[in-house]
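Working notes for the structure below.
If you want it as structure tokens, here you go:
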């Protein structure tokens, strides 16, 4: 390893902040959030993190409240609270490729949600997809709130998939 290969704390690109103290009011992992807020494909992403570590996605799960490229984006608190962070493949990869700092990884591993979460991504997905065709008034309120907040979703609803 030469001097250019040395990793310092200053060179770590902490593009994602640690989870918020509590999941947001539209978090798909929170038991009290209505069904039908997110697109079918968004809910399906939750299941993949239930797989054995080596078969999980390599991407971190970002909170849906911020734009994908926002400077204030953070790791989803519901994701951190639902899944065993010590066994999340994406957290290991993110530290290795310097996408997050080791302290952010540890914050995910240590995270305990103050609100009731589903026990797995499968449970959260099953719940979330129930009312996709007929969201409740509360789900519609949250969809509209997200659409106003997320500039990368302007012109489409949270129910519509990003690609296609």
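Residue numbers (the working numbering): 29 to 192. Heads up, the beta-carbon is just placed ideally off N, CA and C, and yes, glycines get one too.
query, result
"Within the same chain, show all residues whose beta-carbon is closer than 6 angstroms to that of residue 45, passing over the 5 residues directly before and after it, in chain order.", "102"
"Take residue 112 as the anchor and find which of 163, 79, 178 has the nearest alpha-carbon.", "79"
"From 104, 161, 71, pick the residue whose C-alpha is nearest to that of residue 149; which is it?", "71"
"Just checking, does the segment 155-170 make contact with the segment 55-65 on the three C-beta pairs under 8 angstroms criterion?", "yes"
"Under 8 angstroms Cβ to Cβ from residue 43, same chain only, skipping five residues before and after it: list those, please.", "101, 127, 128"
"What does the alpha-carbon distance come out to for the pair residue 117 and residue 86?", "6 angstroms"
"Just verifying my parser: in three-state terms, what is the DSSP assignment at residue 145?", "strand"
"Have a look at residue 114 and residue 164 and give me their C-alpha separation to the nearest angstrom.", "36 angstroms"
"Sorted by chain position, which residues of the same chain lie with C-beta nearer than 7 angstroms to residue 59's C-beta, five sequence neighbours on each side aside?", "144, 145, 146"
"With 16 other CB atoms within 10 Å as the buried threshold, where does residue 130 fall?", "exposed"
"Rounded to whole angstroms, what's the CA-CA distance from residue 173 to residue 51? Just pull it up for me.", "16 angstroms"
"Does residue 162 come out as helix, strand or coil in the three-state DSSP assignment?", "coil"
"Can you have a look at residue 176 and say buried or exposed, based on whether 16 or more other CB atoms are within 10 angstroms of its CB?", "exposed"
"Just to confirm my understanding: we take residue 178, look at its own chain, exclude 5 residues before and 5 after, and list those with CB closer than 6 angstroms. What are they?", "95"
"Could you tell me which of 47, 53, 168, 77 sits nearest to residue 153, measuring between CA atoms?", "77"
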